[in-house]
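Visitor: In our numbering, the protein residues as written are 1 to 172.
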Amino acid sequence: LHDDDAGVHGGFALGHAVGANRPARTGANVMRASSDGRLLFLLDPDAATANRRLRILDVAALFSGAADAEAGDEITVNLTLAGDPVALAVSFDGRYVFVMGQADADTAVLQKFRLSNAGGIFSVAQEGRGGEWEGRVADLALAPGEKWAYSLETDAGGRSSLLSLSIDAISS
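1) Among the candidates G131, E146, N117, whose CA atom is the shortest distance from the CA of V109?
2) Please report the Cβ distance between L57 and L43, rounded to the nearest whole angstrom; I am assuming they are in contact, meaning their Cβ atoms lie under 8 Å.
3) Measuring CB atoms only, is the stretch 154-172 touching the stretch 120-139, in the sense that at least three cross pairs come out at less than 8 Å?
4) Per DSSP, what are the beta-bridge partners of A33 in this structure?
5) Can you tell which of F113, Q102, F92, S34 has the C-alpha that lies nearest to the C-alpha of S151?
6) Can you name, in chain order, every residue of its own chain whose Cβ lies under 8 Å from the Cβ of A105, other than the five neighbours on each side?
7) Over what stretch of residues does the beta strand (DSSP E) that includes D84 continue unbroken?
8) With a 10 Å radius around its C-beta and 16 neighbouring C-beta atoms as the bar for buried, classify S166 as buried or exposed.
9) Measure the alpha-carbon distance for G119 versus R95 and round it to whole angstroms.
10) Suppose you measure from the CA of R32 to the CA of K112; what does that come to, to the nearest Å?
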C-alpha cells in the first residue's frame with residue numbers, strides 16, 4: 001500500500017519515541033486515545049522543553065487540514081513531568097491521564113493529571129502527590145476499576161517484575 005491507499009493524513013516529528021532503546025520499541029504505551037476518541041495523548045521524551053513531553057492532540061483537528069500541512073491540532077498545556085516519561089494510561093471515563101516515568105536510573109514515578117474543559121478552556125492539572133519508588137519501569141496498565149495501576153519493571157539483569165500501585169495513595 002502507498003500512503004494514499006492507506007488513508008494517511010500526514011503527521012509530525014516525535015523525537016525518538018520509537019528508537020531501538022525507547023519505550024515504544026519494547027511495547028510501552030507511549031500513545032493512547034481517550035475512550036470517546038476525541039483526544040490522542042503522546043509521550044515525547046525528546047521534546048525541546050520539559051513541558052512538551054506530554055502532547056495532547058484534538059483528533060477532529062488532526063484530520064481537518066491538508067495532509068501535508070503543519071499540524072494545527074495540538075492542545076498546548078504547560079505541564080512538567082517528573083523525570084523521563086516511559087508510559088501513559090488514560091482513565092476509562094477520559095477525565096484523567098496517568099504518566100509513569102523514570103526520575104533517575106533507579107527511581108520510578110507515577111503522576112495523575114485531571115483533564116478539564118470548563119467553559120471551553122482545556123486544562124490539565126496534577127492531582128495528588130503522585131508516587132515514587134525504587135525501580136526501572138517499562139510499561140503501565142490500569143485496572144478496570146482504576147483503584148490499581150500495574151507497573152512492569154526490569155532490573156539490571158533484564159529480569160521483569162510486576163508491581164501494583166494504589167491509585168488512591170498517589171491521588172491523596
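Note that beta-carbon positions come from the ideal geometry of N, C-alpha and C, so glycine has one too.
Guide: Per the coordinate set shown:
1) G131
2) Actually they do not touch by this definition, with Cβ atoms about 12 Å apart.
3) yes
4) L40
5) Q102
6) R136
7) 84-90
8) exposed
9) 16 Å
10) 15 Å
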